[in-house]
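Numbering (the numbering used here), first residue to last: 18 to 280. Every residue gets a Cβ at the ideal spot worked out from N, C-alpha and C, and that includes glycine. Bear in mind that the values here come from a model prediction, so they are computed numbers and not experimental data. Have a look at the structure below before the remarks.
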Amino acid sequence: MHPMLNIAIRATRKAGNFIAKCYETPSYNEENNEFVSFVQQQAAQRIIETIHQSYPTHIVTTKYDDAIPEKESDIKWIVDPINGINNFLKRLPHFSISVALRVKGRTEIAIIYDPIRNELFTTTRGQGAQLNGYRLRMNNKTKDLTGSTISTLLSIEQKKHSPHELSQLIMLLINKKMNFHCSGSSALDFAYVAAGRLDSFFAIAIKKQDFLGGEMLVSEAGGLVTDLSGGHDHEISENIIAAHPMMIKALLKAIGEIKMDKE
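This is the structure in C-alpha cells:
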C-alpha cells in the first residue's frame, strides 16, 4: 500500500469515527447549525493533524477554504469532511468524507468513506479502485439508457443554465425511461458508480472539490468521466458525467439531442 494512502486511511477513519459518534448524539437536531459547523471543523482538524504528523510540509485544505493554491509544485490534500451535509442535518444516514491528494495538479490518491456503513472506497493512480480492500470493477452489462439508474446533482445556485435548459435535460432522460436517483452526496454517487450500484451520475455546476476523489475512483474502476460534450474540460465547465464507457456514449448521444450550453 502506498504510504500516503495508508496515512489518508488513518486520518479518514479517525474523522469518520468522530462524525459517527456526533451523528448519534441525542441532543443533535437539524436546527443546531453551530453543532454541525463544530462537527465539520473538528472532523477536518482530525484529518489535517493526522496528515501533518507524517507530512508536516504538505498543504491541506478543505472545500470551505476561500481558495485552494494551485501551484504546480505543490502537494495538496483536499478534504471534504462531510459530503452530503444536508443529509447529515436531516439525520439521513447517507453522507461521506472525501479526501484527495493532488501532486502537480493531478490527483494521485483518493478516499471516499461512509462512516455509517463503514465502507471505505480507495484508489491510487494506476492501481485500481477498492472497497474495503476488495477490487472494484464497474457494471459493464447495462449499455442502454432504458431501465438504467442515474443519479444526479443539480445546483439551485448555478446561473449558467436556465431552468428551461435543465428541464429539457431532465425530461429527455425521463423520456429515455431512466430511473432517477438523487442521494445528496455526490462523492458517494461517484463511489456507487465505481462499484456498479449506479449505472451513471451527472451533475450541473459541481465544484472541483466535490468530484476530484470520485473522478479518479470511477476512472480506476474502468469508467469514464467527461463533460457534457464528451471532452475533459469538466474542471472548467463544472458539468460532469461519470459512467461505464458504453453508457457514456449513450448519454452523450441523448444529450446531443437538446440545445443547451454544454461548455
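Considering only the alpha carbon of each residue, which of the options lies closest to residue i?
{"i": "I275", "options": "L205, A146, Q185", "result": "Q185"}
{"i": "D250", "options": "K266, A222, R30, D91", "result": "A222"}
{"i": "G231", "options": "V210, P20, L215", "result": "V210"}
{"i": "K225", "options": "P262, K270, P180, V96", "result": "V96"}
{"i": "G239", "options": "R152, R134, Y72", "result": "R152"}
{"i": "V53", "options": "A37, I65, A220", "result": "A37"}
{"i": "L106", "options": "R154, E51, I92", "result": "E51"}
{"i": "P110", "options": "D244, P132, R119", "result": "P132"}
{"i": "T78", "options": "M264, W94, S71", "result": "W94"}
{"i": "A212", "options": "G33, L269, N157, R63", "result": "N157"}
{"i": "M21", "options": "I76, I126, C39", "result": "I126"}
{"i": "E252", "options": "P262, S236, I272, D227", "result": "D227"}
{"i": "I68", "options": "M195, T29, F35", "result": "T29"}
Determine the DSSP secondary structure at residue i, reduced to helix, strand or coil.
{"i": "D97", "result": "strand"}
{"i": "I282", "result": "In the structure displayed, the chain extends from 18 to 280; residue 282 sits before or after that span and is not available."}
{"i": "S165", "result": "coil"}
{"i": "L153", "result": "coil"}
{"i": "D131", "result": "strand"}
{"i": "T29", "result": "helix"}
{"i": "F219", "result": "strand"}
{"i": "A146", "result": "strand"}
In terms of residues, what are the limits of the beta strand (DSSP E) holding residue i?
{"i": "T78", "result": "76-79"}
{"i": "E136", "result": "136-141"}
{"i": "I257", "result": "257-260"}
{"i": "L109", "result": "That residue, L109, is in no beta strand (DSSP E); it is neither H nor E in DSSP."}
Determine the extent of the alpha helix (DSSP H) in which residue i is found, giving its start and end residues.
{"i": "T159", "result": "Segment: none, T159 is in no alpha helix (DSSP H) and carries neither H nor E."}
{"i": "L245", "result": "Unbroken run through L245: none, as it is neither H nor E."}
Three-pair Cβ contact test at 8 Å for the segment 108-115 versus the segment 185-205: With the cut-off at 8 Å, the segment 108-115 and the segment 185-205 touch.
Cβ contact check for the segment 141-148 and the segment 93-113: 3 or more pairs under 8 Å: Taking one beta carbon from each stretch, the segment 141-148 and the segment 93-113 have fewer than 3 pairs nearer than 8 Å; the two do not touch.
Minimum length 4: unbroken alpha helix (DSSP H) runs contained in the segment 169-217: Whole alpha helix (DSSP H) segments, 4+ residues: 180-192, 203-212.
Any 3 or more C-beta pairs closer than 8 Å across the segment 159-168 and the segment 60-67: The segment 60-67 and the segment 159-168 do not touch, with fewer than three beta-carbon pairs separated by less than 8 Å.
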